Amino acid sequence: MASMMLPCGNLACSVSGILACGNCFLIKYCSKECQKTHYKVHKSACKSPLSTASWAPGYTVQRRKPSFIASDNDEPLYSPYGHVQPKYLFGNIPSFDHLKFAGVDTADEDEINMLFAASGDLRNLITTVLGIASEKKVKVVLNDREPYVVIRNLLVLLLLGTNPESESDSKPYLETAIHLWFSAFLTPAMSETLKYVFNKHLGKMRSHSNMPNANESGLLATTVQLDNGPTIRCVLPRRVWNIFFTVMDSPPIPVVAATKSRHEVTMARSRVDYRERFLEQIHPQYRQSFAQYWEDGLVLPFSMSRKDFTVPNCTLFYQATLQWLLMDNANPLNSCPIKEIYTPSHSVPAPKYDTYGLLYFYVFRNLTDFHHRLVDTNKPSHHFSITCCSAQTIASSVPGITHHSFDLIEVSNITDNGYLGVPTTLRSIAVPLLKPTGRLISLFMNYFAELEHYLGPNIVNVWKKKEMELLMSILGKAGVQKYLFSPVTGLLNMAQIMSALPVFEDPDLKWDLYSDMLGLEEKAEKEGMRMLKVEKPHRFNVVGNRELESNPEKVMKIVKDAALSGTMGTETYVVWGRK
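Residue numbering for the sequence shown is 159 to 737, as defined by this note's numbering.
As structure tokens, then:
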């Protein structure tokens with residue numbers, strides 16, 4: 159495995175860091191001597207007021223109404239912020255092994271076929287493939303309707319499927335993959351690595367995509383043979399190829415302009431109250447990592463030099479307008495299991511409060527394992543198909559898709575009523591494409607809002623009152639009571655209380671009501687399908703849990719972890735199968 163080493167925090171030193179700063183736990187040194195030498199540089203971060211329990215948001219210190227409280231109805235606003243056409247390129251729900259979760263029995267199968275119909279990024283694919291026995295052949299169709307998602311996934315797969323002659327030579331490809339996926343900027347060497355891999359495998363498509371008077375929606379296909387066996391079949395509309403070449407062939411965006419564009423979103427003055435509300439919710443010593451990520455956009459250990467990251471990530475900016483593509487709340491951390499990030503093995507060199515250093519090594523390890531899986535000549539090859547269309551049309555419009563061939567189909571949250579909904583999803587995807595024993599996994603993210611709309615404010619207000627009473631009864635106990643009050647004013651901290659309220663909701667009650675009101679089981683039966691499993695893997699388990707209700711310290715930890723994770727606790731996964 160490529161080495162996971164953390165350089166000494168004194169960047170003038172070339173030795174690995176092994177001793178964590180005992181005050182901030184953000185940085186490591188090779189020795190006490192290097193720590194003393196570097197202290198003048200490190201002091202401002204190490205002793206920052208931001209990392210203290212007494213720090214408070216500006217709106218608290220200034221005793222003013224924060225900007226996330228609407229002036230007309232005093233309701234908290236949770237809408238994210240970005241440029242005119244922001245894109246969702248980072249996962250916002252932690253990855254997990256979909257085959258294992260769905261209970262798909264693959265023991266007697268030599269070949270596993272999976273379809274990620276609305277894939278988003280590669281996190282779930284990688285986690286699921288790593289859970290499959292290595293002697294099995296894997297075939298995957300990756301589809302998303304967003305061209306930038308498809309382009310980024312294809313580039314990451316090309317990088318991870320490259321197999322240099324020596325083990326150490328794979329590290330540049332792995333590091334390029336990490337930063338292409340998650341960082342706002344690359345080094346010049348990473349940029350060249352990316353261009354080399356792209357031109358090697360896909361440069362031939364330029365002449366085909368640029369044909370005059372060609373149909374923009376017409377499909378162009380090519381098959382890429384990666385090192386040591388894996389293949390990627392790309393079947394994309396000409397318009398997507400044209401976007402791809404625009405992204406890869408345009409001159410680099412000036413770094414100053416790119417930084418300014420990104421800061422207009424991530425450091426916007428109008429959003430400072432939102433950022434500070436988040437910082438108040440988390441452990442004080444995690445705050446520095448988040449503040450630095452908002453500033454530089456790099457998934458990198460806190461202590462590592464940023465000076466070489468001078469090439470804007472061409473897949474995260476609009477080339478024509480120089481605009482940053484993401485919302486201000488886009489966070490790579492949300493795509494990974496928080497517990498695994500913050501409880502690393504002893505082999506992970508990042509110190510315990512270096513959030514993005516811990517994330518970097520977590521992703522590095524997973525991508526390394528996936529890379530080895532792809533290039534292992536002693537195991538069956540993996541085969542990928544990349545498409546870009548509406549999930550609803552996959553069965554009818556994508557060449558080479560075989561009906562009734564998939565062991566597993568994942569559709570993200572397109573079963574939400576705001577998208578395709580349950581009947582259309584099952585009818586257009588599950589029914590024609592699942593094997594008789596196959597499983598489809600869908601995610602419901604928005605049913606709380608839908609249910610509250612259906613039931614009206616009277617019932618919702620009754621629920622909110624009960625949730626608030628539970629919160630106050632638990633967090634009002636000795637030992638954690640200070641969470642409820644501002645350290646500056648001594649008054650109830652309503653912004654923090656409202657942010658914690660989702661932990662005290664009852665998602666089981668609300669899901670059952672929602673499912674019954676919409677008749678989800680009946681709708682599935684009409685399509686020849688049935689619900690096999692309903693699970694909320696991120697629920698907080700406070701409601702009805704007497705052990706937790708009598709242990710405010712544990713509940714307080716859940717509240718803090720919930721803020722870090724980015725999940726609401728209500729996310730509900732349903733596994734569907736044939737009747």
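In this text, a Cβ means the ideal position worked out from N, Cα and C, and glycines have one as well.
On a predicted model such as this, the values are computed, not experimentally measured, just so you know.
Same chain, Cβ closer than 6 angstroms to residue i, neighbours up to 5 away in sequence not counted
i, result
"R391", "T381, S543"
"D232", "Because the pLDDT of D232 is 43, which lies under 50, any placement of that residue in the model is unreliable, and the number read from its coordinates should be weighed accordingly. Counting only Cβ-Cβ distances below 6 angstroms, and skipping sequence neighbours, we find nothing."
"N321", "D385, N386, V533"
"V173", "C166, C188"
"A379", "V393"
"D230", "For D230, the predicted model reports a pLDDT of 49, less than 50, meaning its position is unreliable; a value from the coordinates is still stated below. Within the same chain, D230 has no close Cβ partners at all."
"Y672", "Y605, L609"
"L423", "Note that residue 423 corresponds to Val in the displayed sequence, not to Leu. Answer for V423: G240, W482, D486, listed in chain order."
Residues near residue i in its chain [Cβ-Cβ closer than 7 angstroms; skip 5 each side]
i, result
"K712", "L706"
"K635", "P710"
"S349", "V469"
"K593", "H562, S563, F564, D565"
Beta-carbon proximity check, residue i vs residue j, cutoff 7 angstroms
i, j, result
"D512", "P459", "yes"
"V405", "C472", "yes"
"L584", "M689", "no"
"L609", "K694", "no"
"R704", "S548", "no"
"R523", "V733", "no"
"M603", "N575", "no"
"E438", "Q654", "yes"
"L633", "F662", "no"
"M425", "P244", "no"
"D475", "T345", "According to the sequence shown, residue 475 is Phe rather than Asp. Their beta carbons are not under 7 angstroms apart, which means F475 does not touch T345 by this criterion."
"Y331", "L317", "yes"
"L280", "V308", "no"
"Q481", "S408", "no"
"D431", "S644", "no"
Own chain, CB closer than 8 angstroms to residue i, minus 5 neighbours either side, in chain order
i, result
"L377", "V393, L394, P395, R396, P557"
"V287", "V296, V298, F528, R531, H540"
"I496", "P252, D719, L722, S723"
"G289", "D255, L257, K258"
Helix, strand or coil at residue i [DSSP, three-state]
i, result
"L280", "coil"
"P330", "helix"
"L235", "Residue placement at L235 is poorly supported in this model, since its pLDDT is 44, which falls under 50; the coordinates still yield a value, given next. If DSSP states are grouped into helix, strand and coil, L235 belongs with coil."
"A643", "Reading the sequence as shown, one finds Phe at residue 643 and not Ala. Here F643 sits in strand by DSSP."
"N271", "strand"
"L491", "helix"
"R364", "helix"
"Y731", "strand"
"C192", "helix"
"K465", "coil"
"V638", "coil"
"A478", "coil"
"A720", "helix"
"S174", "strand"
"F183", "coil"
"C204", "helix"
Rounded separation between residue i and residue j - CA only
i, j, result
"S708", "V717", "15 angstroms"
"D666", "E453", "39 angstroms"
"I270", "R364", "33 angstroms"
"T730", "Y577", "16 angstroms"
"S447", "V646", "24 angstroms"
"L235", "F343", "Summary for L235: the model assigns pLDDT 44, below 50, so the residue's position carries little reliability, and this model does not support an answer."
"F519", "G614", "46 angstroms"
"E568", "L676", "22 angstroms"
"L273", "V589", "13 angstroms"
"V457", "N368", "36 angstroms"
"N400", "Q477", "13 angstroms"
"G278", "W339", "12 angstroms"
"G637", "V219", "24 angstroms"
"T210", "C182", "10 angstroms"
"H696", "K198", "42 angstroms"
"H337", "S328", "15 angstroms"
Identity of the residue in the options nearest residue i by Cα
i, options, result
"Q193", "P165, G319, K362", "P165"
"V580", "R429, L601, L591, H562", "L601"
"S292", "T264, N368, N311, W621", "T264"
"A170", "M163, M462, M675", "M462"
"G175", "P330, V506, T218, S644", "V506"
"S428", "Y217, L300, N492, T285", "Y217"
"F698", "D431, L659, G180", "L659"
"A488", "N168, V430, G249, K353", "G249"
"H591", "K684, K201, G735, S375", "One point to set straight first is that residue 591 is Leu, not His, in the sequence displayed. Answer by Cα proximity: G735."
"K737", "N373, K681, C204", "K681"
Heavy atom of the ligand SAM within 6 angstroms of residue i beta-carbon
i, result
"Q193", "In the structure on display, the ligand SAM does not appear, and there are no ligands present to speak of."
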